[in-house]
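All remarks here apply to the structure that follows.
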Amino acid sequence: TLAVRARVLAATAGQNVAEITRSAQFDPNSVPNNRAVAENDQASAAFAPQVSNLNVTKTASNLNPVPGTAFAYTVRVVNSGPDAATNVLVAEALPSGITFVSANATQGTYDAAVGVWTIGSLANSANATLTLNVTYNGPGVVVNTATASADQFDPETTDNAGRIAVPSQIADLRITKTVDNA
1 TLAVRARVLA
11 ATAGQNVAEI
21 TRSAQFDPNS
31 VPNNRAVAEN
41 DQASAAFAPQ
51 VSNLNVTKTA
61 SNLNPVPGTA
71 FAYTVRVVNS
81 GPDAATNVLV
91 AEALPSGITF
101 VSANATQGTY
111 DAAVGVWTIG
121 SLANSANATL
131 TLNVTYNGPG
141 VVVNTATASA
151 DQFDPETTDN
161 AGRIAVPSQI
171 ADLRITKTVD
181 NA
């Protein structure tokens with residue numbers, strides 16, 4: 001017995017064929033000179049990969065916060081199918097400049113320590129939403145990306161990530177002092 005583990009790289013169905021090409025002993029059922037393959041010297045297995053197209057969008061409730069301001073990131077994952085998606089995970093690590101406060105998910109759980117939202121299964125046409133309540137520490141632009149993955153083949157990976165940049169309100173203050181009679 002030979003067990004082969006393989007990764008699906010395309011959404012199209014296919015067939016894997018195994019064939020005995022040589023034997024040290026005489027095979028009474030083989031065809032001489034390899035002109036054809038005897039029926040019992042070849043076996044095949046057909047496969048039809050499951051396909052789930054995950055789409056991720058990300059928004060922020062405040063796109064111009066001042067340091068110390070609380071706001072929320074909202075991440076939405078939609079499975080455009082055609083098959084159900086299993087073991088759906090979203091990498092959502094908060095960047096430097098953002099402090100985690102709390103999380104609320106319509107499905108699954110968010111682990112702030114590792115920055116992963118575990119959704120589980122997502123049926124065809126189903127969606128799940130994660131709201132992360134955070135505090136902006138500033139200063140500067142904070143870029144945050146959420147990226148989804150699943151067990152099934154995804155034919156369109158360019159929409160598997162949602163990215164948002166949150167710039168802070170910055171003021172460059174200057175002071176000048178003069179006296180009218182020195």
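With my numbering applied, the sequence shown covers 1 to 182. Positions of the beta carbon are idealized from the N, C-alpha and C atoms, including for glycine.
Each of 93, 141, 80 was checked against the Cα of residue 110, and the nearest Cα belongs to 93. Contact between the segment 118–138 and the segment 76–83 is present: 3 or more CB-CB pairs across the two stretches fall below 8 Å. Less than 8 Å separates the beta-carbon of residue 42 from that of residue 17.
Around the beta carbon of residue 52, 16 or more other beta carbons sit within 10 angstroms, so the residue counts as buried. By the criterion of a C-beta distance shorter than 6 Å, residue 46 is surrounded in its chain by 15, once the five residues flanking it on both sides are discounted. A distance of 8 Å or more separates the beta carbons of residue 1 and residue 70. Counting other Cβ atoms within 10 Å of its Cβ, residue 119 reaches 16 or more and is therefore classed as buried.
Contact between the segment 20–28 and the segment 52–68 is absent: fewer than three C-beta pairs spanning the two stretches fall below 8 Å. In the three-state reduction of the DSSP assignment, residue 106 falls in the coil class. Cβ neighbours of residue 44 within its own chain (closer than 8 Å, five residues either side excluded): 15, 16, 17, 18.
Around the beta carbon of residue 140, a 10 Å sphere encloses fewer than 16 other beta carbons of the protein chains shown; the residue is thus reported as exposed. Counting along the chain, no beta strand (DSSP E) covers residue 157, and no H or E run does either.
For residue 129, the closest alpha carbon among the candidates 146, 142, 114 is that of 146.
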